[in-house]
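Below you'll find the structure, written out as structure tokens, and then a few comments.
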Amino acid sequence: MRRILLPLALLFSASHAASAIEVKVSAQALERTLRAQLFNGPQGRYYLRGDANSPCYVYAESPHVTFVQDRIVVRVHAKSKLGTSVRGTCLGVSLTTDTDVSLIPEAEEESIGFRDARIEKLSESRELNFILAPFLSHKVPAQMKVNAAVLMRQLLSRSTETTGYALSLDSLKLHSLLVEGESLVMDADANLKVN
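Taking the numbering used here, I'd label the letters of the sequence shown as residues 3 to 197.
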């Protein structure tokens, strides 16, 4: 009996320890996620001020994600009408620029968090940067989160159709997120079921 119980105990303890996984996320995959979760307003826009019906507004569109050193860099096309709303029109100035915003990825339980958001490049004009930087620095989301467990469960929900196996995610615990070259590397513990 002991000869059977000892190998079974080792097998179960080994299967628990083997729950560590490493997932590499490409810039393109992260870009698609940002488009779906943040740039989901009218015409794929993320409004920092106002909305599609506001006479004065600031919005970003067309995100493009890259990785630079330990940061995620999101280049967006920003458009704004800055001024005062008078009788349904914005009295002020219209500005259009490509802007680079960088973030540091952070593991938070089941979520991919982003912190230390900062504007890396606003425009080629120092004068325009002087005017816009203080305004936009308070409008860039300081902290954002993407629930990785929800995304993985959505991916696995079609596993029966694509593989013939019903795969499900019971739990996910993110330990670290690091930018390594062309990937965002996620170290996590996960419990998957195969039926």
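In this text, a Cβ means the ideal position worked out from N, Cα and C, and glycines have one as well.
Just so you know, these numbers come straight off a predicted model, no measurement behind them.
Neighbour-count burial assignment, residue i, 16 or more Cβ in a 10 Å radius
| i | result |
| --- | --- |
| Tyr167 | exposed |
| Pro107 | buried |
| Arg5 | With a pLDDT of only 45 at Arg5, under the threshold of 50, the placement of this residue in the model should not be trusted, and no figure is reported. |
| Glu182 | exposed |
Where the alpha helix (DSSP H) through residue i begins and ends
| i | result |
| --- | --- |
| Ala54 | Premise fails: Ala54 is in no alpha helix (DSSP H) and is neither H nor E. |
| Glu122 | Not the alpha helix (DSSP H): Glu122 falls in the beta strand (DSSP E), residues 113 to 123. |
| Phe157 | In the sequence under discussion, the amino acid at residue 157 is Leu, which differs from the Phe named in the question. Leu157 -> alpha helix (DSSP H) spans 150 to 158. |
Endpoints, the beta strand (DSSP E) within which residue i is located
| i | result |
| --- | --- |
| Ser161 | Looking at the DSSP string, Ser161 is not in any beta strand (DSSP E); the run it does join, the alpha helix (DSSP H), is 161 to 165. |
| Ala62 | 59 to 70 |
| Glu24 | 22 to 28 |
Cβ pair residue i, residue j closer than 8 angstroms
| i | j | result |
| --- | --- | --- |
| Lys175 | Glu111 | yes |
| Leu186 | Leu179 | yes |
| Phe41 | Arg47 | yes |
| Glu122 | Val75 | yes |
| Ile114 | Ala151 | no |
Residue-chain proximity (residue i, chain D), Cβ-Cβ < 8 angstroms
| i | result |
| --- | --- |
| Val187 | In the displayed structure, chain D is absent; only one protein chain is listed. |
Beta bridge counterpart(s) of residue i as assigned by DSSP
| i | result |
| --- | --- |
| Cys92 | Ser87 |
| Leu169 | Val196 |
| Arg73 | Val70 |
| Leu36 | Partner(s): none; Leu36 has no beta bridge. |
| Glu182 | Ser185 |
When the options are compared against residue i, the one with the closest alpha-carbon
| i | options | result |
| --- | --- | --- |
| Ala62 | Ser82, Asn55, Ile74, Val70 | Ser82 |
| Gln39 | Ser173, Met188, Leu153 | Leu153 |
| Cys58 | Gly183, Pro65, Ser96 | Ser96 |
| Asp189 | Thr165, His177, Gly183, Asp72 | His177 |
| Arg37 | Ser28, Leu50, Ser64, Ala22 | Ser64 |
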